[in-house]
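Everything on this sheet refers to the single structure shown next.
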Amino acid sequence: MRPILGRREDNARTSGDGRGRRIAATRPIRDTSADPQDAGRPAREGRVPSDHRPHRIPAVHVSAPVPSSARPSIAPLRLALLEDDDVLRDRVLLPGLARHGFDVVPMRTVAQLQAALAQASFDLIVLDIGLPDGDGFTLTRELQAGRPGMGIVILSGRDTSPDMVRGLSQGADAYLTKPVEIEMLAATLFSVARRLSRPPAAHEASAWQLQDDGWCLFSPQGKAVALTQSERRVLLCLWRTRGQLVARESLLATLGGELGLEVDPHRLDALLHRLRQKVQDRAGMALPLTAVRGAGYLFNPQGN
């Protein structure tokens, strides 16, 4: 009679002995404790010990990084993250942006940013508008003037059109509203970095530009002035014949639009006056528009 090793009742199979009784039939189970090389391995026969059962790993939703084709092929971009919400900054934005390859330096106040800028430079900055010791709009204007090579992205809970227009007009390269997906923020930052890395065309350094289908006027220094619908219509008319005289009647017809409405000449004068003041305030220089008494206006993008 052959000996039975390691009898396991829970794995037992039963069979008859021919006399009406049922006896347990067992399979030999290898004892791995005696063999050091087999320690930690599940038994080859019999039930797998509970220590070796595979563990179920909970699903973790990890946002996919921005495709490598969307990133500039340079060293990690150094990013200043100016946000006074500690939870949003440290638990959401900081790890999310770091996961996309940014070298992130978190900050809470304008004073901390100024101290950091005195010791190092940054490629990009993400900043909020409402800060404990400063105003994000003012800071954007100062950064754009003092560090034109640094990309500026505003991330704010203020989502009204006037706030967005103001932020972009002060010099921000992009304006995003909270809550924002990390992928969208990262893609925006990479896009800004690509634009800044391109060498400017020769004419861009000395001429005014009308871009974004006529909705935004850029000064020779790159400062943006967002336009209203009426301002856009008038400037587009002047832009198409830039360097040449445009009659007042043509500008009045442009303001009247497709319906051919009659426009009070004083309305044109008031519009151009407001436009000149807006450009002076936001671009820091005069609009190159010359009034020719009794005839019309001349727009010269190359300067006054």
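Numbering follows full-length UniProt numbering, in which position 40 of the sequence shown is assigned residue number 40; successive positions increment by one, without gaps.
Glycine is no exception: its CB is placed at the ideal position from the N, C-alpha and C atoms.
Just so we're clear, the structure is a prediction, and the values are computed from it rather than from any experiment.
Would you kindly work out how many angstroms separate the C-alpha atoms of residue i and residue j, rounded to a whole number?
i    : j    : result
E142 : S250 : 39 Å
A207 : T254 : 24 Å
L81  : K278 : 30 Å
F299 : Q112 : 44 Å
A186 : Q221 : 26 Å
A70  : L196 : Because A70 sits at a pLDDT of 47, beneath the cut-off of 50, its placement in the model cannot be relied upon, and the point is left open.
S156 : P132 : 14 Å
G151 : L289 : 30 Å
A120 : G149 : 14 Å
Q302 : V87  : 48 Å
A193 : H100 : 14 Å
V165 : D159 : 10 Å
L276 : G146 : Checking the sequence shown, residue 276 turns out to be Arg, not Leu. Going by the C-alpha atoms only, they are around 24 Å apart.
H273 : G130 : 32 Å
L271 : R91  : 48 Å
L94  : V180 : 13 Å
Q209 : S161 : 23 Å
D103 : D281 : 35 Å
R293 : D163 : 37 Å
A39  : D85  : Low local confidence applies: a pLDDT of 45 at A39 is under 50, so the model's placement there is unreliable, with the coordinate-based value given in what follows. So the alpha carbons of these two residues sit roughly 51 Å apart.
F122 : G257 : 46 Å
Do residue i and residue j have their C-beta atoms within less than 8 Å of each other?
i           : j    : result
S230        : A283 : no
V153        : L117 : no
residue 332 : Q114 : Nothing can be reported for residue 332: it is not among the residues displayed for the chain, which extend from 1 to 304.
V225        : C237 : no
A172        : T140 : yes
V126        : L77  : no
G134        : V105 : no
Starting from the C-beta of residue i, find all residues in its chain whose C-beta is less than 6 Å away, skip the five residues before and the five after it, and write them out in chain order.
i    : result
E83  : R89 and D128
R248 : G296
Q37  : Note that Q37 scores 46 on pLDDT, short of 50, meaning its location in the model is unreliable and no value can be drawn from it.
Between residue i and residue j, how many whole angstroms is the CB-CB distance? I'm expecting something under 8 Å.
i    : j    : result
W239 : L227 : No, W239 and L227 are not in contact; Cβ-Cβ is about 11 Å, not under 8 Å.
Quick one: using the 10 Å Cβ neighbour count with 16 as the cut-off for buried, is residue i buried or exposed?
i    : result
V234 : buried
Q144 : buried
K178 : exposed
A291 : exposed
G167 : buried
R108 : buried
L217 : buried
L261 : exposed
R232 : buried
Between which residues of its own chain and residue i is the CB-CB distance below 8 Å, once the five residues before and five after are set aside?
i    : result
P96  : It should be pointed out that residue 96 corresponds to Gly in this sequence rather than to Pro. Here the set comprises S63, I182, L185 and A186.
T188 : V153, A174 and L176
Q244 : L298
Leaving out the 5 sequence neighbours to the left and right, which residues in its chain are closer than 7 Å to residue i when beta-carbon positions are compared?
i    : result
L252 : V263, P265 and L268
L287 : L275, R276 and V279
Q211 : F218
Check whether the Cβ of residue i sits closer than 7 Å to any heavy atom of the ligand HEM, and report yes or no.
i    : result
R166 : In the structure shown, the ligand HEM is absent, as is every other ligand, since no ligand is present at all.
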